[in-house]
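Novice: Numbering (our numbering), first residue to last: 96 to 351.
1) Locate the alpha helix (DSSP H) running through residue 149, then write down its first and last residues.
2) Do the stretch 266-286 and the stretch 106-113 touch if we need at least three Cβ pairs shorter than 8 Å?
3) Using CA coordinates, which residue listed in 274, 290 and 296 is at the minimum distance from residue 141?
4) Per the DSSP calculation, residue 244 is bridged to which residue(s)?
5) Are the beta-carbon atoms belonging to residue 162 and residue 199 less than 8 Å from one another?
6) Just to confirm my understanding: we take residue 204, look at its own chain, exclude 5 residues before and 5 after, and list those with CB closer than 7 Å. What are they?
7) What is the DSSP secondary structure of residue 284, reduced to helix, strand or coil?
8) Rounded to a whole number of angstroms, what is the C-alpha to C-alpha distance between residue 268 and residue 177?
9) Just the C-alpha distance for residue 175 and residue 201, rounded to the nearest angstrom, thanks.
10) What is the DSSP secondary structure of residue 96, reduced to helix, strand or coil?
11) I believe residue 114 touches residue 317 by the beta-carbon criterion, under 8 Å. Please report the beta-carbon distance rounded to the nearest angstrom.
12) Residue 299 bridges to which residues according to DSSP?
13) Scan the stretch 106-142 and note each continuous alpha helix (DSSP H) run of 4 residues or more that stays entirely inside, going in chain order.
14) In or out: residue 214 buried (at least 16 other Cβ within 10 Å) or exposed?
15) Just the Cα atoms here: how many angstroms apart are residue 244 and residue 262?
16) What do you get for residue 341, buried or exposed, if any count of 16 or more other CB atoms within 10 angstroms of its CB means buried?
17) Looking at the structure shown, is residue 172 part of a helix, part of a strand, or coil, going by DSSP?
18) Less than 8 Å between the C-beta atoms of residue 294 and residue 335, yes or no?
19) Sort 136, 289, 272 and 121 by Cα distance to residue 229 and report the nearest one.
20) Please report the distance separating the alpha-carbon of residue 103 from that of residue 271.
Shown next as structure tokens:
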């Protein structure tokens, strides 16, 4: 029995689609102070991460709904998607602000990936579909898995701007072990995602091109739906700067 326990404790978990959030679930999350001593290279097999001293800033919810329960103006995203997440977070750049954002996802036995997003722009519901699904996980997902995807979108916002975006994403599950946050201790896989983004925006007849790299770190546990911890960063002059820290702080709530 002792030997069996030791082997189990020293083996990485394997994720399936059943470990990813589905419609009718709501999760409690906490946004923490992003000013932390985080080293993205601190990972590997049978690893221990300690984030127990994160400082909470604000509580929030991650609400997952049937795509057909979103605005009918988003109907063409319904065709490519299985579930939508109501984020409660705005998307904004120097030219465009999108409010009441929903992220749309493909979720099946083989893949979990984003198909697009939608929200309110200047008071008008606006769907933004990706050319192809942006892969986040391929199942079964385990340590040392690597995936990549290329996608983008091209939209015309009448009277405001045109916006074309190209996205190149690489994902690597580069660690496994145990993580502790203020929400508890869990056996996890860690994924590092690097997304190279090029935006071309024409605003007031003036073209602008912006290229940047976003880094996402996810620690995923079995049967928890969303990351136990997610850290987002921007790469500036080759240096990663943490921009957002979110940890799961409560169990799923049935909202059906």
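By construction, the Cβ of each residue, glycine as well, lies at the ideal position given by its N, Cα and C atoms.
Specialist: The answer reads as follows:
1) As a working mapping, residue 149 is identified with position 54 in the chain shown. It is not in any alpha helix (DSSP H) - residue 149 carries neither H nor E in the DSSP assignment.
2) yes
3) Walking along the chain shown from the start, residue 141 turns up at place 46. The candidate whose alpha carbon is nearest that of residue 141 is 274.
4) Here residue 244 refers to the residue found at position 149 of the chain shown. According to DSSP, which records beta bridges pairwise, residue 244 is partnered with 264.
5) Start at 1 with the first residue of the chain shown, and residue 162 comes out as number 67. Start at 1 with the first residue of the chain shown, and residue 199 comes out as number 104. Yes, they are a contact pair.
6) Mapped onto the chain shown, residue 204 falls at position 109. Only 112 and 234 meet the Cβ criterion.
7) Counting from 1 along the chain shown, the entry for residue 284 is found at position 189. Looking at residue 284 - three-state DSSP - the assignment turns out to be strand.
8) Taking the first residue of the chain shown as 1, we reach residue 268 at position 173. Taking the first residue of the chain shown as 1, we reach residue 177 at position 82. Rounded to whole angstroms, residue 268 to residue 177 spans 24 Å at the Cα level.
9) In the chain shown, the residue the question calls residue 175 occupies position 80. In the chain shown, the residue the question calls residue 201 occupies position 106. Their backbone Cα atoms lie some 7 Å apart in a straight line.
10) Your numbering for residue 96 matches position 1 in the chain shown. Interpretation of residue 96 is limited by its pLDDT of 49, a score under 50 that renders its predicted location unreliable; the figure taken from the coordinates is listed afterwards. The answer is coil: DSSP assigns residue 96 none of H, G, I, E or B.
11) The residue given as residue 114 occupies position 19 in the chain shown. The residue given as residue 317 occupies position 222 in the chain shown. That belief holds up - the Cβ atoms of residue 114 and residue 317 are roughly 5 Å apart, short of 8 Å.
12) Residue numbering aside, residue 299 sits at position 204 when the chain shown is read from its first letter. According to DSSP, which records beta bridges pairwise, residue 299 is partnered with nothing at all.
13) none
14) Stepping through the chain shown from its first residue, residue 214 is reached at position 119. Residue 214 is buried by the Cβ-count criterion.
15) If you number the chain shown from 1, residue 244 lands on position 149. If you number the chain shown from 1, residue 262 lands on position 167. Straight-line Cα distance between these residues: approximately 8 Å.
16) Here residue 341 refers to the residue found at position 246 when the chain shown is read from its first residue. With 16 or more other Cβ atoms within 10 Å, it is buried.
17) If you number the chain shown from 1, residue 172 lands on position 77. Helix.
18) In the chain shown, residue 294 corresponds to position 199, counting from 1. In the chain shown, residue 335 corresponds to position 240, counting from 1. Cβ distance not < 8 Å, so residue 294 and residue 335 don't count as in contact.
19) Position 134 of the chain shown, counted from the first residue, corresponds to residue 229. Residue 289 is the option with its Cα nearest to residue 229.
20) The residue given as residue 103 occupies position 8 in the chain shown. The residue given as residue 271 occupies position 176 in the chain shown. In this prediction, residue 103 scores a pLDDT of 43, lower than 50, which makes its location untrustworthy; the coordinate-derived value is nonetheless stated afterwards. If I take the Cα positions, the gap works out to 13 Å.
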